[in-house]
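See below for the structure under consideration.
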Amino acid sequence: MAESPDEVYERVLAEEKGKGSSPPVAEARAKAARHRARKGLPTDPAEAAKAEAAAKPAAEQAPAPAGDHEAKAEEPAETTEEKPQEAPSEEKPAAAAVAKASPAQAAPAQAEGAPRGRGAAARAARSAAGGQIAPERMQRLLAVVKPEAIQRVEREPIDRVNTWPHLMAAEAVALLAVTVFLMLFSAFINAPFREMANINQTPNPSKAPWYFLGLQELLRYFHPQVAGVLIPQWLIVGFFATPYIDRNPSNKPHERKLAIVMFTIYLLFFAVLTIVGSLFRGPGFNWIYPWQIPIVRIFEF
Amino acid sequence: MATKAPEKKAPEKKTGFPKPGEILGEQWDKFREAQLWKSIFRPGSIFRKGHQDSPKSRAYVVMNNVLYHLHPVKVKRHGIRLSYTLCLGGLSFFLFIFLTITGIFLMFFYRPSTEVVYADMTALHTQVAFGQLVRNLHRWGAHLMTVTVFLHMARVFYTGAYKPPREFNWIVGVILLLVTVLLAFSGYLLPWDQLAIWAVTVGTQFALESPIVGREAYFVFVGGGQIGATTLIRWYTLHVLFLPFIIVAFMAVHFWRVRKDGGISGPL
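Chains as they are written, first to last, in the numbering used here: chain Z, 1 to 301; chain P, 1001 to 1268.
Now the structure itself:
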C-alpha cells in the first residue's frame, strides 16, 4: 500500500497490457484502480469484491443469478465497473437488452465518469461482479416521471393520434379558409376612411369601436359611473375569478347547467347590446333600423 | 429476395447519351443527399430523400420543426374534431401573425404625425401597390381576431377547460383577450379620419368616468386634455411595439401552459 495512486495506475495499466486487454479497457481498469487507491480501498478488483461482500448482509452476497437481477439492479449508486467480462453469461443478454450496449462497451464510459445512458447495463453487470460506489454521480436528466405514470399501470391509455398529419392537416385547412375569406372580403369591401380628423366637428352619431358599443348602449340606461366603470370592472374581475368561483370539477355539460346557463345569458345579453348599439342606433344614438342606415355606412366599423 | 437482388444490382448498360430528364433527376437525388440539404431538412421531413410514412417519421416531423413543435407529437383523438375547438385558438394565433405581417407592410408607408398622416393614408390607398388591399386585410383581420379570441374564450368556458389544472391559463387567456381589445382599439385611431378620432374620443370617455385614477389615466393615454398629435404618437407606439410585445410574452406562456397542463382538455 505504499504505492501512490498514480503508481497504481501505471502498474495496473502495464498489467492489463501484459494480459492483452484492449487499450480502452486497460485504461479504464487502471483508472478504476487509481480511484480505489485514492479512496484507500484494496486496489485489486478481486479483493475489492471480497471486501464489499463482507460488508453486506449474507442474503445479498450471493452472485446474482438471472432471477435476482431486478432486485439487485434497484440498488442505488453508480458504479465503476471493473470486470464486465467476468459477469455470468446469463447476465449479458439482459444488460444488453436494457441499454443496447454490451457491458464491455459500458465499462470505459462508466470508469471515466462520463454521463452516458448506459447506467442500466453497468448496474446489471455490477450486480453480478460486485461493484464499487462512485464518488460522484454525473447523470443526464432525461425526464421527471410522475409516480402515477409508473405505478398506475392499470390506468386506461388515452386514445391519441399523431399530430402530423391528423391535426396539422385540419389546421392548414382552417388557416387557408380564413385567408381566403379575408382576401375575398377585402377585395370587395374597403376599410372605412372618412374625411380628415377634426376634433371641432362632431359627427352624428359618434360611436365607439364596435366591441365597446355594448357598453355605450348601456350608457343609455345607467349612470356613466355604472355603465362605464362598475359593469366593465366587474366583468373583468368576474372573468379572472371564474375558475376559482366555479368549484364544480366536472366538465360534462349536463353536470354544470348553472354555469352554462349563466354564461349563455351573459353572451346573449352582450351580443344583443352590441348589435343594437351597432346597427339600431342612428343620429343622436336614437333607434333606427339597419335598412335605414345609408349603405356606405354599413361597413363603417 | 435473394433471387431478386442480383437483378436490381446489375444496372443496364446505357448506350448513347442519357436524356436530360435523367441527368436532372440524378442531380436532384444527389443534391438531396448532400450535406446542405440534409442540414436544412431534419429527419422526418417529407423533403428528405427516402422519406417513408411511419409512426417514427410522423413523430420526427413534429419534433424537428420549431413551429410544429408547439404541438405535442400525439394529441387526444377527440381534440382534433372540428366541433370541439372550432380551431378558434389556432386561428387567433394565425390572425396575429397575419396582422403582424400586414401591419409591417403598412408601417413602411405610415408616419404618425398629424401633419402628414392623412396624406400618407391617402397615398396608401391611391399610390402604393396593394396598399388598399393590405389595409383592408389588416382592418378586417383585426376585427376577425377580436371575434375569434372572444369566441375562443366562450369555447373554453363551454368545455370547462378553465378547471384545474388549467385555472392559471384561463387567467392568461383573459389577459390576452384584454390586450387584443387594446390592440384593436389603439389601431382604431391610426387612420386619423373622423371615424377614428371620434370613436377613440367616445371610447376614452369611459376612462374619465373612473374614480380616483380616471383623469390621470386619461391624461397619460391621451397625452393632454384632448386627442391630438401627442395621442397619435402614443397610440402608434402602443400599437406597433408595446402591446405586441406584451401579447407575445403572454402568448408564449399561454401555449406553454397548454402543453404543461396536459394538452387539450376533455373529452367531455
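Yeah, the Cβ is synthetic: ideal placement off N, Cα and C, and Gly gets one too.
Residue closest to T1146(P), alpha-carbon to alpha-carbon, out of L1183(P), T1100(P) and M1251(P): L1183(P)
Neighbour flag for H1071(P) against chain Z, beta carbons, 7 Å: yes
G1225(P) classed as buried or exposed, judged by whether at least 16 other C-beta atoms fall within 10 angstroms: exposed
Cβ-based contacts, 8 Å cut-off: residues of the stretch 194-216 of chain Z near chain P: R194, E195, M196, A197, N198, I199, Q201, T202, P203, S206, K207, A208, P209, W210, Y211, F212, L215 and Q216
Pairwise C-alpha distance: P1267(P) and L1082(P): 13 Å
DSSP three-state assignment for W1192(P), whether helix, strand or coil: coil
Within-7 Å CB hit, N1136(P) to chain Z: yes
Collapsed DSSP secondary structure at R281(Z) in the structure displayed: strand
Own chain, CB closer than 8 Å to I293(Z), minus 5 neighbours either side, in chain order: L279 and G282
7 Å Cβ shell around L1088(P) - same chain, five flanking residues per side excluded: T1148, L1151, H1152 and R1155
Straight-line Cα distance separating F1130(P) from A1142(P): 18 Å
Three-way DSSP call (helix, strand, coil) for A1207(P) in this model: helix
Spatial neighbours of A170(Z) in its chain, beta-carbon cut-off 8 Å, leaving aside the 5 residues before and after: none
Residue-chain proximity (E171(Z), chain P), Cβ-Cβ < 7 Å: yes
Chain-ordered neighbours of I1197(P) on chain Z, where CB pairs are closer than 7 Å: A197 and I199
Closest Cα partner of A271(Z) within the set V296(Z), L258(Z) and Y211(Z): Y211(Z)
V1134(P) beta carbon less than 7 Å from that of F1096(P): no
Proximal residues of chain Z, C-beta to C-beta of P1055(P) below 9 Å: N162
Per DSSP, the bridge partner or partners of V1075(P): V161(Z)
Enclosing alpha helix (DSSP H) for W234(Z) [first to last residue]: I231 to I245
Assumed close pair P249(Z), I260(Z) - CB separation to whole angstroms, cut-off 8 Å: Their Cβ separation, rounded to whole angstroms, is 15 Å, which puts P249(Z) and I260(Z) out of contact at 8 Å.
Distance, I1175(P) Cα to G119(Z) Cα: Low confidence applies to G119(Z): its pLDDT is 47, below 50, so where it sits in the model is not reliable enough to give any reading.
Same chain, Cβ closer than 8 Å to E1033(P), neighbours up to 5 away in sequence not counted: K1049
Local conformation of M1153(P) per DSSP, three classes: helix
Status (buried if at least 16 other CB within 10 Å, exposed otherwise) for S1039(P): exposed
Close Cβ partners of D1261(P) (< 7 Å) along its chain, the five nearest in sequence each way excluded: P1165, R1166 and N1169
Assigned exposure category for Q1052(P) - 16 Cβ within 10 Å defines buried: exposed
7 Å Cβ cutoff, A174(Z) in contact with chain P: yes
Same chain only: Cβ atoms within 8 Å of W287(Z), ignoring 5 sequence neighbours per side: F280 and R281
Short Cβ contact (7 Å threshold) for L1124(P) with F1109(P): yes
Extent of the continuous alpha helix (DSSP H) run through M1251(P): L1243 to K1260
Local Cβ density within 10 Å of V1062(P), reported as buried at 16 or more and exposed below that: buried
Paired residues, beta bridge with M196(Z) - DSSP: D1193(P)
Which listed residue (V1258(P), Y1236(P) and L1241(P)) has its alpha carbon closest to that of T1114(P): Y1236(P)
Same chain, Cβ closer than 8 Å to E305(Z), five either side skipped, listed in chain order: What the structure shows of chain Z is the stretch from 1 to 301, and residue 305(Z) is not part of that stretch, so it cannot be assessed.
Whole-Å CB distance - W1192(P) paired with A197(Z), under 8 Å assumed: 5 Å
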